[in-house]
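As structure tokens, the structure follows; a few thoughts come after it.
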Amino acid sequence: MDIVLATRNKKKIEEIKRITSGMAISIYMLDDFPGCPEVEENGVTFKENAIKKAVTVARYTGKPALADDSGLEVYELNGAPGTLSARYAGEGADDRKNIEKLLHKMRLIVEEKRNARFVCCIAIALPDGVINIFYGYSEGRIGTEPKGVSGFGYDPIFYPESHSRTFAEMSDGEKDAISHRGMALSKVHGYLRKKIDFSMA
Ligand code: ITT
Numbered sequence: 001m002d003i004v005l006a007t008r009n010k011k012k013i014e015e016i017k018r019i020t021s022g023m024a025i026s027i028y029m030l031d032d033f034p035g036c037p038e039v040e041e042n043g044v045t046f047k048e049n050a051i052k053k054a055v056t057v058a059r060y061t062g063k064p065a066l067a068d069d070s071g072l073e074v075y076e077l078n079g080a081p082g083t084l085s086a087r088y089a090g091e092g093a094d095d096r097k098n099i100e101k102l103l104h105k106m107r108l109i110v111e112e113k114r115n116a117r118f119v120c121c122i123a124i125a126l127p128d129g130v131i132n133i134f135y136g137y138s139e140g141r142i143g144t145e146p147k148g149v150s151g152f153g154y155d156p157i158f159y160p161e162s163h164s165r166t167f168a169e170m171s172d173g174e175k176d177a178i179s180h181r182g183m184a185l186s187k188v189h190g191y192l193r194k195k196i197d198f199s200m201a
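With the first letter of the sequence shown counted as 1, position 153 gets the number 153 in the numbering used here; the numbers rise by one all the way through.
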């Protein structure tokens, strides 16, 4: 099955390609379809944004499209940065600035209240209009300073539950095995297997 990845985030692309490498799919990039419209991510939920991105790309390309809308939710901050994770410190802000802003906002929050989770919502839109949604979550807590150099985004300050290293201190395989994206994509794997078995029956 052909699938177009409806994302321009290079780190996400790297992770999605890595995690789906054993799946029976041929992956296309947005760069393979110049002129594909950009999507304004103004949804209130991860699901709304993921659907918007996947549907826009499936319509334009005529191929199934997979979009990932994801982010970090800090419980004590009522779920912030949430859907604004990529631009928490402003439009065009980089990972370092976003982390700085979050650590500053959390400077008075004590250890026991620094719980957070990563959310990944994946939407697969088919050209005939059918949409499937898959969620993955990774629970953990936010540290007080960045640690590690792997991964991207908030990885250097996120300690997954029952781990004493941040995502950025883990190998790719270690992160994928417990990450929100890994969890959501393993559900995608199950869906694709059923779909392929069905089409061959
Ligand atoms: P696309 O919309 O093109 O996919 P984007 O970077 O704008 O790219 P999102 O709106 O879904 O994507 O924002 C995701 C942000 O959430 C990302 O930029 C990181 O700041 C954070 N994030 C998501 N997954 C993460 C992960 O595995 N590790 C660290 N941070 C992550």
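Heads up, the beta-carbon is just placed ideally off N, CA and C, and yes, glycines get one too. Computed from a predicted model, the values in this text were never measured in an experiment.
Within 10 angstroms of the Cβ of residue i, are there 16 or more other Cβ atoms? Answer buried if so, exposed if not.
i: Gly-153; result: buried
i: Ser-85; result: buried
i: Gly-71; result: buried
i: Ala-58; result: buried
i: Val-149; result: exposed
i: Tyr-88; result: buried
i: Gly-90; result: exposed
i: Thr-45; result: exposed
i: Pro-34; result: exposed
i: Glu-112; result: exposed
i: Lys-53; result: buried
i: Glu-15; result: buried
i: Ala-67; result: buried
i: Lys-194; result: exposed
i: Val-130; result: exposed
Can the beta-carbon of residue i be found closer than 7 Å to that of residue j?
i: Asn-132; j: Ile-142; result: no
i: His-189; j: Met-23; result: yes
i: Ile-19; j: Leu-185; result: yes
i: Phe-134; j: Lys-175; result: no
For my contact list, residue i and residue j are in at a C-beta cut-off of 8 Å; report their separation, rounded to the angstrom.
i: Glu-145; j: Glu-161; result: Between Glu-161 and Glu-145 the Cβ distance is about 20 Å, and since that is not below 8 Å, they are no contact.
i: Cys-204; j: Asp-69; result: Outside the modelled stretch of the chain, which goes from 1 to 201, sits residue 204, for which no answer is possible.
i: Ala-168; j: Gly-182; result: With a Cβ gap of about 16 Å, Ala-168 and Gly-182 do not count as contacting.
i: Ile-109; j: Glu-76; result: 5 Å
i: Asn-49; j: Glu-41; result: 5 Å
i: Lys-17; j: Ile-27; result: 6 Å
If you compare alpha carbons, which of the options is closest to residue i?
i: Asp-128; options: Tyr-60, Glu-48, Ile-122 and Leu-77; result: Tyr-60
i: Leu-30; options: Gly-151, Thr-7 and Met-183; result: Thr-7
i: Arg-117; options: Asp-95, Ala-93 and Asp-155; result: Asp-155
i: Lys-147; options: Leu-185, Leu-103, Glu-112 and Ser-186; result: Leu-103
i: Tyr-137; options: Val-74, Lys-101, Met-170 and Glu-40; result: Val-74
i: Asn-78; options: Thr-56, Lys-194 and Arg-114; result: Arg-114
i: Arg-96; options: Phe-134, Ile-157 and Lys-10; result: Ile-157
i: Ile-51; options: Leu-126, Asp-172 and His-163; result: Leu-126
i: Ala-80; options: Ile-27, Val-119, Thr-56 and Lys-10; result: Val-119
i: Thr-83; options: Lys-47, Lys-105 and Gly-92; result: Lys-47
Any contact of the segment 3-20 with the segment 52-67, i.e. 3+ C-beta pairs under 8 Å? yes
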